[in-house]
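Residue 299 in our numbering sits at position 297 of the sequence shown, and the numbers go up by one each step.
Here is the structure we will look at.
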Amino acid sequence: MVHQYAQSLPGMTAPVCEFNDTHCERTDDEQIVFALWNKMQPDGYKIKKSILDLVEIPVKEITASYLGLSSTANGNQAQYAQRYNYVRQGVYTIGSASQDYITNSHMKYFPGPQDKLVDIELGSTMSMLHPIPAITIIPDYMDNPYGHLHEPMTDKPSHLAMHPGNVQHKNVLLATLAINTQDTLDGFKLNSTNTTPTGDKWNGVSTSIILPLDMTSLLIHHAESKEVSNFTIPTHSFLKCISVNDTIAFRIGDGALGIKVFAVDGSQITGFKPLLCLSGEKDKGLQYGAFRLVAYHHRGPDYKPSPMMDTHLRFGAVFKTEKTNSEMDVEELLYSVSNSTITSSIEFVNGHTKWYSEVETANDDGFIRLSVSRNLTCAEKGGLRNQSVHTSWNCLTSRLINNSVPKFGNLTINGVHTYPLPSPSEKLFR
């Protein structure tokens, strides 16, 4: 951010070190010196105006691949390796990576327990003086997914690997996860005993969607009763459980988001019946301006991983963003997401368990159908896509948009390749 400010990127302000910022925006190291030195040199690097102009495009569809090989040593396949970001300037951004993000292509690689493979941000009121938590998906083993609990061996926040199978088109995202409690993360093991690396017992297994407190209100559509309720977020700790297939919607500024969680597995080990709850913890997320929609696969400290069990705990959700002008628009979005046609089915084929997820809904193109298929037993049965050091990763078998395989390659903005960088044109501003 220091470099972006020094280069006068639109919207950038002088960096400020917030009290609760774990990395202080890197203003505590030599980056400042290099940024200022570069700025003072007559022949120092300066971002071209043609690049700066790309920032001002009001609606941007940005996509790229992130694997240079057809398949990594982990088994991640380039046909599923897509990064996607949809930006409506000053209103919202919604972005995702379609599978685990692998940077080491030639040797086995541990899942990255700090990544954000889904990131959604609403409104334009955020600044370094008023930070707003990003809306992300965090699978967790400590019931504390807010990024301020550091793993002592790495001095980094960590979470269980997401193992996602995501597919997105413009403002609609279908997100599927298959959490594996047998994972080895970043060099530390979680599966050797029933304790975490710090010596503490597991405090449950959950998948949380981090939500910002800055929303004006939160609407809930209850799938069973068809009723809509308005939830006022308390300032104290709270837990309000809702049902899988209920829908929530809210807005920040001119951006709104609807979320429908349609699949949550309970632990096979403990027989726990899954829970879906709105949760705020005063000593955890609330002090950072965040609460969460949490799916509990197991709640409580009495959890001990077991070989060949809980290797594919499912989580499935649909996300949809919209531009809004009023609370009536939020309610309209709520019904739009709630009334989406969602399929989530399990099929047993040739000794394998297959999970198929699909959503049909309106989007910025008028109508969209997104689907993901994945094998939930590919490692256990010795399949071809054994995608982890010890156990199975994504095991994706298909990602489709309107029944077609998504096409992507080098970085593009609104379908225009950015290498070599194009001059702004009507095609970009479509």
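Quick reminder that beta carbons are idealized off the backbone N, C-alpha and C, glycines included.
From the options, residue whose alpha carbon lies closest to that of residue i
i      : options                        : result
Glu362 : Ile403, Ala225, Ser375, Gly353 : Ile403
His165 : Asn40, Leu56, Gln184, Thr65    : Gln184
Lys228 : Ala251, Thr313, Ser340, Thr234 : Ser340
Glu58  : Ile271, Leu241, Leu11, Phe240  : Leu11
Lys50  : Gln9, Val266, Arg90, Gln84     : Gln9
Ile344 : Val320, Gly302, Ser67          : Val320
Asn205 : Arg90, Ile235, Pro141          : Pro141
Leu378 : Gly417, Leu315, Pro408         : Leu315
His238 : Ser406, Phe36, Lys284          : Lys284
Cys397 : Asp45, His300, Asn182, Ile271  : Asn182
Gln289 : Pro236, Cys279, Phe317         : Pro236
His354 : Leu162, Gly411, Arg376         : Arg376
Ala136 : Pro214, Lys409, Pro44, Ser281  : Pro214
Val418 : Phe36, Lys62, Val35            : Lys62
Arg301 : Tyr68, Cys380, Asp267          : Asp267
Asp145 : Thr313, Lys356, Gly411, Tyr298 : Tyr298
Lys275 : Phe240, Val207, Asp331, Glu333 : Val207
Asn352 : Cys380, Pro408, Phe36, His132  : Cys380
Val296 : Phe240, Glu334, Ser342, Val332 : Phe240
Pro60  : Ala83, Gln91, Leu38, Val35     : Gln91
Ser67  : Leu56, Asp55, Ala83            : Ala83
Tyr305 : Ser269, Cys279, Asp55          : Ser269
Leu278 : Ser342, Gly368, Val35, Thr209  : Thr209
Val407 : Ile96, Val89, Pro44, Ser100    : Ser100
For residue i, three-class secondary structure by DSSP
i      : result
Lys356 : strand
Glu329 : helix
Leu162 : coil
Asn404 : coil
Val361 : strand
Gln289 : helix
Tyr94  : strand
Tyr148 : coil
Ala136 : coil
Phe410 : coil
Tyr377 : According to the sequence provided, residue 377 is Asn. The question's Tyr does not apply to it. Note: Asn377 maps to strand in three-state DSSP.
Ala83  : coil
Leu179 : strand
Leu213 : strand
8 Å Cβ shell around residue i - same chain, five flanking residues per side excluded
i      : result
Thr138 : Lys118, Val120, Asp121, Ile122, Ile211, Ile212
Asn365 : His171, Lys172, Asn173, Val174, Lys322
Thr249 : Ile222, His223, Ala225, Gly260, Ile261, Lys262, Leu336, Val339, Ser340
Phe350 : Lys356
Leu438 : Given a span of 3 to 432 for the chain in the structure shown, any question on residue 438 remains unanswerable.
Asp367 : His171, Lys172
Close beta carbons around residue i, own chain, < 6 Å, minus the five adjacent residues each side
i      : result
Gly257 : Val93, Tyr94, Leu124, Gly125
Ile64  : Asn87, Ile415
Asp216 : Ile134, Ile254
Leu386 : Confidence at Leu386 is low in this model, with a pLDDT of 36, below 50, so its placement is unreliable and no value can be given for it.
Ser231 : Ile222
Ser373 : Glu360, Leu402
Ser98  : Tyr86, Val120, Asn168, Gln170, Leu175
Phe252 : Met217, Leu220
Ser281 : Leu241, Arg294, Val296
Thr24  : Because Thr24 sits at a pLDDT of 47, beneath the cut-off of 50, its placement in the model cannot be relied upon, and the following sentence gives the value as read from the coordinates. Result list for Thr24: empty, nothing under 6 Å.
Asp312 : Thr183, Ser269, Gln270, Ile271
Leu56  : none
Pro44  : none
Spatial neighbours of residue i in its chain, beta-carbon cut-off 7 Å, leaving aside the 5 residues before and after
i      : result
Gly287 : Tyr148, Phe293, Arg294
Thr420 : Leu413, Thr414
Thr47  : Here residue 47 is Tyr; the residue named in the question, Thr, does not match the sequence. Cβ within range, chain order: Asn40.
Ser346 : Phe264, Ala265, Gly318, Ser359
Asn405 : Arg371
His161 : Pro115, Ile140, Pro141, Asp142, Pro147
Thr399 : Ser375, Arg376, Asn377
The ligand NAP heavy atom lying under 6 Å from the CB of residue i
i      : result
Leu288 : The ligand NAP is absent from the structure shown, which contains no ligand whatsoever.
Check whether the stretch 244–256 and the stretch 170–182 touch, using three or more Cβ-Cβ pairs below 8 Å as the test. no
Extract the residue ranges of the beta strand (DSSP E) inside the stretch 226–282, only unbroken runs of 3 or more that lie entirely within it. 230–233, 240–244, 249–254, 257–266, 277–282
Quick check: the stretch 256–276 against the stretch 308–328, are there 3 or more CB pairs under 8 Å? yes
To test your reading of the DSSP string, which unbroken alpha helix (DSSP H) runs of 4 or more residues are found completely within the stretch 34–63? 51–57
Would you list, in sequence order, the uninterrupted beta strand (DSSP E) runs of no fewer than 3 residues that lie entirely inside the stretch 293–352? 315–325, 343–351
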